[in-house]
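Taking it in order: structure first as structure tokens, then the write-up.
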Amino acid sequence: MAVTLNEPNLPQLLSWADVPESARKLERATLEAASAAAGVPRYRVSTMMLPEDFDAMRDGMTAGHLAARTALKARRPDLPVGLSIAIVDDRVAGDDATLRDRKRAEVYDHWLRLARDDDFIGIQNYESAVYDANGLLPPPPQATLHQLGSAIDPRALGGAVRYAYEVSGVPVFVTEHGVGVDDDTLRAAFVEPSLAGLLDAIDDGVPVLGYCHWTLLDNFEWAAGYRFHFGLHTVDRETFARTPKPSTTRYAAIATSRALP
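Pasting the structure below:
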């Protein structure tokens, strides 16, 4: 399978997040410095996108996806081709869905509609979010939070898969799903109910091609460096020794038996 673009909608998604103003200023300063160093009027990258560039960058990435799909199909007509988007399971509290629907229109809908001519849509889900008429609701007081700051919610995967299929109409491949926590018992307890929700979606008719857990190893997580831990294994950064966490055994048991306990 081929994925042409990885999370092309991430900048739009982050525009809905509570990102410090200092980080926004740092993005602009970085791009200005890169422009000067490269000797060009405007140096731009898809992972550090300014709001005024959203539409033009989306147009460019859309053209890139279409060109890549055409090239791949010309060489390998049988190869399934798609793209993967970052997607939060956005829900509504009450009767007013205005904010939730506006977020969907700004962040996901373009890419889900674009995928209608693809072989699949890849989704990368880590969170849920609940909106009422006034904005994003905070996590419930009793909720356990992961390192992204939202509540750990195994229901999120099933909701994201259902929405992606509802709009795109093509099979869904879960190209990333996981949870960033230091306490691995939380990850071990998260996997099974998440996959149960995925199976419920399949039982309801959503064609799901596969599932990839993020990630095998604790990784470098952009601005968070090595502080966020999504891996099924720890990694000693000096020796590179890899040590399985308890969640590895839980996930492996599901994968090898091809069934939930």
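Going by numbering that gives the first Met the number 0, the first residue of the sequence shown is number 0, and it counts up by one from there.
The beta carbon of each residue, even a glycine, is placed where N, CA and C say it ideally should be.
Unbroken alpha helix (DSSP H) run spanning residue i, endpoints
{"i": "I201", "result": "D183 to D202"}
{"i": "R103", "result": "T97 to V106"}
{"i": "L12", "result": "L9 to L13"}
{"i": "M255", "result": "It is Thr, not Met, that sits at residue 255 in the sequence shown. Run containing T255: P245 to S256, per the alpha helix (DSSP H) assignment."}
{"i": "R154", "result": "R154 to S167"}
Beta bridge counterpart(s) of residue i as assigned by DSSP
{"i": "H176", "result": "N124"}
{"i": "L216", "result": "H232"}
Per-residue DSSP class, three states only, for residue i
{"i": "T29", "result": "helix"}
{"i": "H228", "result": "coil"}
{"i": "T69", "result": "helix"}
{"i": "V261", "result": "With the chain covering only 0 through 260, there is no way to say anything about residue 261."}
{"i": "D52", "result": "helix"}
{"i": "L135", "result": "strand"}
{"i": "L113", "result": "helix"}
{"i": "R74", "result": "helix"}
Beta-carbon gap between residue i and residue j smaller than 8 angstroms
{"i": "V178", "j": "F189", "result": "yes"}
{"i": "M60", "j": "P10", "result": "no"}
{"i": "E194", "j": "L215", "result": "Checking the sequence, you will find Leu at residue 194 rather than Glu. The answer is no: Cβ separation not under 8 angstroms."}
{"i": "A187", "j": "S149", "result": "no"}
{"i": "R115", "j": "G81", "result": "no"}
{"i": "R236", "j": "Y225", "result": "yes"}
{"i": "Y210", "j": "L197", "result": "yes"}
{"i": "Y164", "j": "V106", "result": "no"}
{"i": "L111", "j": "E126", "result": "no"}
{"i": "I122", "j": "A159", "result": "yes"}
Cutoff 7 angstroms; reference residue i; Cβ partners in own chain excluding five residues on either side
{"i": "A89", "result": "Inspection of the sequence shows that residue 89 is occupied by Asp rather than by Ala. These residues qualify, in order along the chain: R99, K102, R103, A128 and Y130."}
{"i": "H145", "result": "I151, V178, G179 and V180"}
Same chain only: Cβ atoms within 8 angstroms of residue i, ignoring 5 sequence neighbours per side
{"i": "L78", "result": "M0, A1, L71 and K72"}
{"i": "S34", "result": "P40, R41 and Y42"}
Same chain, Cβ closer than 6 angstroms to residue i, five either side skipped, listed in chain order
{"i": "D217", "result": "H228, G230, T233 and V234"}
{"i": "P243", "result": "H232"}
Enclosing beta strand (DSSP E) for residue i [first to last residue]
{"i": "G209", "result": "V207 to Y210"}
{"i": "V80", "result": "V80 to A85"}
{"i": "L4", "result": "A1 to N5"}
{"i": "V296", "result": "Residue 296 falls outside the range modelled here, since the chain spans only 0 to 260, and no answer is possible."}
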